[in-house]
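Have a look at the structure below, then the notes.
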Amino acid sequence: MAKELTEQHKKFLDVLFSEANGNIVAAKRLAGFSENYKTAQLTNYLKEEIIEATQLYIAMNAPRAAMAMVGGILDPTELGIKEKMNAAKDLLDRAGLVKTDKIQVESSNGVMILPAKDRVEEE
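Counted from 1, the sequence shown has number 26 at position 26 by the working numbering; the numbering is strictly sequential.
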């Protein structure tokens with residue numbers, strides 16, 4: 001069953017990655033929650049929605065990370081390029097664009113390895 005979100009909850013999620021710059025306390029205040037409303041209670045209630053919003057934010061910024069990677073190739077003398085490339089790599093990894101290693105196996109004798117046969121116990 002889907003969780004019913006109030007307008008305040010929706011506003012909190014909207015401002016979390018915009019005006020609040022990821023600051024949960026600031027997003028709570030911008031959404032109009034009382035100062036007495038416990039931040040832990042709010043984040044616990046919206047945990048899945050916050051994770052989903054975070055994944056979306058990372059996906060939305062993956063193209064910028066890709067551009068930074070290519071920019072590092074085009075201008076490897078840029079100040080701070082090593083840190084920028086590492087940050088871009090980490091963001092792309094979290095977005096699901098991970099480096100894959102491929103191994104090519106060749107055989108000149110045509111050897112094929114088969115799985116072991118199942119033994120049937122005789123009674």
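Positions of the beta carbon are idealized from the N, C-alpha and C atoms, including for glycine. Since the model is a prediction, treat every value here as computed from it, not as a measurement.
Which two residues bound the contiguous alpha helix (DSSP H) that contains Leu74? Lys47 to Leu74
Of the listed residues Gly96, Lys89, His9 and Phe12, nearest to Ala59 (C-alpha basis): Gly96
For Leu13 and Asn36, I'd like the C-alpha separation in whole angstroms. 19 angstroms
Whole angstroms are fine: how far does the CA of Tyr57 sit from the CA of Pro63? 11 angstroms
For Arg119, three-class secondary structure by DSSP: coil
Applying the criterion that 16 or more other CB atoms from any shown protein chain within 10 Å of the CB defines a buried residue, is Lys47 buried or exposed? exposed
Would the beta-carbon of Glu19 fall within 8 angstroms of that of Leu30? yes
What do you get for Ile51, buried or exposed, if any count of 16 or more other CB atoms within 10 angstroms of its CB means buried? exposed
Kindly list the residues whose CB is nearer than 7 angstroms to the CB of Val15, restricted to its own chain and excluding five residues on each side of it in sequence; keep chain order. Ala27, Leu30 and Ala31
Using a 10 Å radius around the Cβ and a threshold of 16 neighbouring Cβ atoms, would you call Leu91 buried or exposed? buried
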